[in-house]
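All remarks here apply to the structure that follows.
Residue numbers (UniProt numbering): 1 to 250.
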């Protein structure tokens, strides 16, 4: 299992081989064994395998080719719809129409997603996370017919790899781990932590290609711009309101 985790690669190209229902069910069963707040399991997973449905999902993920190329697309959702109905049918009054509850459901969904990914990779499958899910949550809700109380949190494509990319760089352990309490970073610390990433040939190429002064500027000015973050934040906040997670009244 450690070897599986340490050799994780994002796979964006898949063979035409289908994922059997038996393998998929085994992977999903591993997913739902993840930790969950209060054992409430306030999440759902929507499995998309039909080509016409993947076609509908593709624009929600900026038409990244792996949506239509992967045999399986999994959308992980924070879901209080099911839990609320159970409470109401059991003469219990649910109080989960607030932001904290959404965060709880989102954490649950992400824990399940990571379990699914590790289980899939251990079976020889490839996966790729798509961060676009929260950008276009409103559109995904429509495509997947998600009722009130359900919000998509992340998407994972799944299939047998048709590529073997190199391992992607990660920051050194000392750059992300703090013992006992948080130790803030000095300028020298920051320089040391990011030096290897900045010196990678592909990253030097990104800087030149985008005509920027530094790799950091590629992130702030090209990949994850403030303007985009504001726009997508507004969309997500509107989604949370529409889906019933922004009630601040007692």
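Beta carbons: idealized from backbone N, C-alpha and C, even for Gly. Since this is a predicted model, take the numbers as computed values, not measurements.
Here the alpha carbon of residue 139 sits roughly 23 Å from the alpha carbon of residue 112. By the Cβ neighbour-count rule, residue 150 is buried, with 16 or more other Cβ atoms within 10 Å of its own. DSSP places residue 78 inside the beta strand (DSSP E), whose first and last residues are 72–79. Residues 75, 77, 133, 137, 140 of the same chain have their beta carbon placed closer than 6 Å to that of residue 152, with the five preceding and five following residues left out of the count. The C-alpha of residue 11 is placed about 15 Å away from the C-alpha of residue 169.
Per DSSP, residue 241 is one residue of the alpha helix (DSSP H) stretching across 226–242. Judged by DSSP secondary structure, residue 10 falls outside any beta strand (DSSP E); it is assigned neither H nor E. Taking 8 Å as the cut-off, the Cβ atoms of residue 69 and residue 14 count as close. Following the DSSP letters along the chain, one finds residue 128 inside the beta strand (DSSP E) bounded by residues 126–130. Spanning the alpha carbons of residue 8 and residue 58 requires a straight line of approximately 24 Å.
Residue 161 sits in a strand when the DSSP states are folded into three classes.
For residue 214 and residue 196, the gap between their C-alpha atoms comes out near 13 Å. Between the stretch 170–179 and the stretch 36–43 there are fewer than three C-beta pairs closer than 8 Å, too few to call the two in contact.
If you look at residue 48, you'll find it in the beta strand (DSSP E) that goes 43–48.
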